[in-house]
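Following: one structure in structure tokens, then a few remarks.
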Amino acid sequence: MNKISGNAVVGQSGGPTSAINATLAGVISGCLEAGIDKIYGMKNGIEGLLGEELFDLRDCFDAPDCKKLSLLSLTPAAALGSCRKKLKDDETAAKMYEIFEKYDISYFFYIGGNDSMDAVARLTEYAKAHPELRKMHFIGVPKTIDNDLVMTDHTPGFGSAAKYIACAMQEVMRDCGVYKTKAVTIVEIMGRDAGWLTASAGLTKAITGVGPALIYLPECAFSEEKFLADLKNEFENGEHPYVVVAVSEGIRHADGSYAAEAAMSGAVDSFGHKYLSGTGKYLENLVREKIGCKVRSVEVNILQRCAGHLLSKTDIYESIMVGRAATGLAFSGESGKMAAYVRRGEGKNYCCDVEGMDVTLIANAIKKVPREFINDDENGITDKCVEYLMPLIAGECEIPYKNGIPCHFEF
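In our numbering, the protein residues as written are 1 to 411.
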């Protein structure tokens, strides 16, 4: 390990998850163990950094294994606050360097998804173009329930979200199974470009024997005609009078347009992403019009992101691990890297470790669900997909409760 010189700063960005604070706990623990003088937390990501809304995390945590860090790791959402700010120009990067100098910061850790890795990549490129500036170590730390970052086997937060989806689907199946009425229930699950979360709905059937009859992912072109034909086939040949469907919010037609395009507002965020809404409701209306049976849609929405009562023990353990590993990369002299999971085994032999990957090769790329994980009819998942997903939801955390409600950490 290189000689450590300067302070560290850490921030969280993008959508919250059940495990992003576990990763934060890992970063803090790694910095404490290394003896970093000041560990600054950015309030609301780089927006807080630019506004110099920084506070020393050492004032909250006094040891790498303290009880407060343990509670933080079991707390969902983003304890430091988040943002969706795009790092657009050199002027902003220059302003950040002024702040790095002012606070004697040499180590920058940014926990987030695709857009956050873009920020780390841009800062890395700016540093290369300006070698006369302060020596910095920029490290991206992955986070996203979408599981769509490339060059990592999976992402922190995905396992717990997948566990929530699988449990929720089991409960939906139980609810629907009490009636003999011919009916369709459509469950809309997050996933703009990649269908990993929706694929996890198939775990219910693999584990319990009962699950959604149909699963549609954005990796396959969506056809209303085929969807209706699939439903009619289930009514004629399926095991139940009811049909439960899991669908990604981002399903698209063959021409690339969203299935629910007409129901969307057309508004975009700072990164140019369209706000998605209404896919489940659109399909509900389609079924009502074309088939005429009882039908309802359920939008899981933000509930799947921060279900701290259904944490995957594997996910939390690995999220802490990747945060600590990120500090190891930085303190050994690395920069421009993302701490990534590398799978080393399958089934009962599953394990993974962490390696540093070039963040410029990760930013703005999307990891899709591979074709071999999707069935031939493009309306379900394969055993190979189940094998990939199963270890990620394994284990239950010992969550502290107070009067029946989980305890959470707050700064």
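Note that CB positions come from ideal geometry on N, CA and C, so glycine has one too.
Here residue 80 is not near residue 170, since their CB atoms are 9 Å or more apart.
For secondary structure counted as the alpha helix (DSSP H) over 4 or more consecutive residues, the segment 56-89 holds these complete runs in sequence order: 67-73. Taking a C-beta distance under 9 Å as the contact criterion, residue 161 and residue 145 qualify as a contact pair.
Sequence-distant partners of residue 392 (beyond 5 residues in either direction) whose C-beta falls short of 7 Å from its own C-beta, in its chain, are 154, 158, 159, 162, 312, 314 and 315. Shown here, residue 407 sits in coil according to DSSP, grouped into three states, outside any helix or strand. When DSSP assignments are scanned along the segment 220-298, the uninterrupted stretches of alpha helix (DSSP H) that are 4 or more residues long and fall wholly within it turn out to be 224-237 and 279-290. Of the candidates 210, 92 and 411, the residue whose Cα lies closest to the Cα of residue 240 is 210.
In the structure shown, residue 21 falls within a helical segment according to DSSP collapsed to helix, strand and coil. Closest in C-alpha terms to residue 95, from the list 48, 397 and 17, comes 48.
Residue 17 places its beta carbon 9 Å or farther from that of residue 322. Restricted to the segment 131-184, the beta strand (DSSP E) segments that are unbroken, complete and at least 3 residues in length are 137-142, listed in chain order. Residue range 114-129 is occupied by the alpha helix (DSSP H) that includes residue 114.
9 Å or more divides the Cβ of residue 367 from the Cβ of residue 74. When beta bridges are read from the DSSP output, residue 358 appears opposite 337.
In the DSSP secondary-structure assignment, residue 7 is bridged to 105. Around the C-beta of residue 35, fewer than 16 other C-beta atoms lie within 10 Å, and the residue is accordingly described as exposed.
In the DSSP secondary-structure assignment, residue 401 is bridged to 406. Counting only residues of its own chain and dropping the five nearest sequence neighbours on each side, residue 334 has a CB closer than 8 Å to the CB of 137, 139 and 356.
Per DSSP, the unbroken beta strand (DSSP E) holding residue 42 starts and ends at 39-42. With 16 or more other Cβ atoms inside 10 Å of its own Cβ, residue 165 counts as buried.
Contact annotation: residue 9 and residue 111 have beta-carbon atoms that are not nearer than 9 Å. The beta carbons of residue 6 and residue 126 sit no closer together than 9 Å. If you ignore the 5 residues before and after residue 120, its C-beta comes within less than 6 Å of the C-beta of 110, 138, 140 and 359, all in its own chain and listed in chain order. 9 Å or more divides the Cβ of residue 122 from the Cβ of residue 14. Our two residues, residue 225 and residue 237, have alpha carbons roughly 18 Å apart in a direct line.
Note: residue 343 is bridge-paired with 352 in the DSSP secondary-structure output. Just so you know, the alpha carbons of residue 60 and residue 103 end up roughly 19 Å apart. Per DSSP, the unbroken alpha helix (DSSP H) holding residue 49 starts and ends at 45-50. Taken atom to atom, the span from the alpha-carbon of residue 4 to that of residue 26 is near 18 Å.
Short of 8 Å from the beta carbon of residue 191, and not among the five residues preceding or following it, lie these beta carbons of its own chain, in chain order: 146, 197, 198, 217, 218, 248, 249 and 250. Shown here, residue 210 sits in coil according to DSSP, grouped into three states, outside any helix or strand. The criterion of a C-beta distance shorter than 9 Å is not satisfied by residue 33 and residue 42. Residue pairing of residue 300 in beta bridges, as defined by DSSP: absent, with no partner found. With 16 or more other Cβ atoms from the protein chains shown falling within 10 Å of its own Cβ, residue 297 counts as buried. For residue 329, the enclosing alpha helix (DSSP H) starts and ends at 313-331. Residue state for residue 396 is assigned as strand, using DSSP reduced to three classes.
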